[in-house]
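Q: Every number in the numbering used here is 31 more than the matching position in the sequence shown, counting from 1.
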Amino acid sequence: MATQNIDDTSKTTPRETCVGTSLKPLNSEYGKVAPGWGTTPLMGFTMALFAVFLSIILEIYNSSILLDGIPISWH
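1. The alpha helix (DSSP H) spanning I87 covers which residue range?
2. So, with DSSP's three-state summary, where would you put K63?
3. Can you determine whether any heavy atom of the ligand SAH sits closer than 7 Å to the C-beta of S53, and answer yes or no?
4. How is K55 classed by DSSP in three states: helix, strand or coil?
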């Protein structure tokens, strides 16, 4: 092998910090899945609203929608 460790000094154990200790409970339910659809409809609704928002922004940028009294200059 071209890469072989002769000495085990490169293998270190992880350091325990205050931040890691305080965030550990947030990871306690790793791998658990909510039964059924869970929050999927809420996520789909949010994604649809975001798509509508992006299309409105694109139409404003493309001057497809003109806003009264607001001059837009992209130059």
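Beta carbons: idealized from backbone N, C-alpha and C, even for Gly. Note that the structure is predicted; figures quoted are calculated from it, not measured.
A: So, from the listed chains and residues:
1. Along the sequence shown, read from residue 1 onward, the residue named residue 87 stands at position 56. That run of the alpha helix (DSSP H) goes T71 to Y92.
2. For the purposes of this step, residue 63 is taken as the residue at position 32 of the sequence shown. Correct three-state label for K63: coil.
3. The ligand SAH is not part of this structure, which contains no ligands at all.
4. Working through the sequence shown from its first residue, we reach residue 55 at position 24. Residue state, collapsed to three classes: helix.
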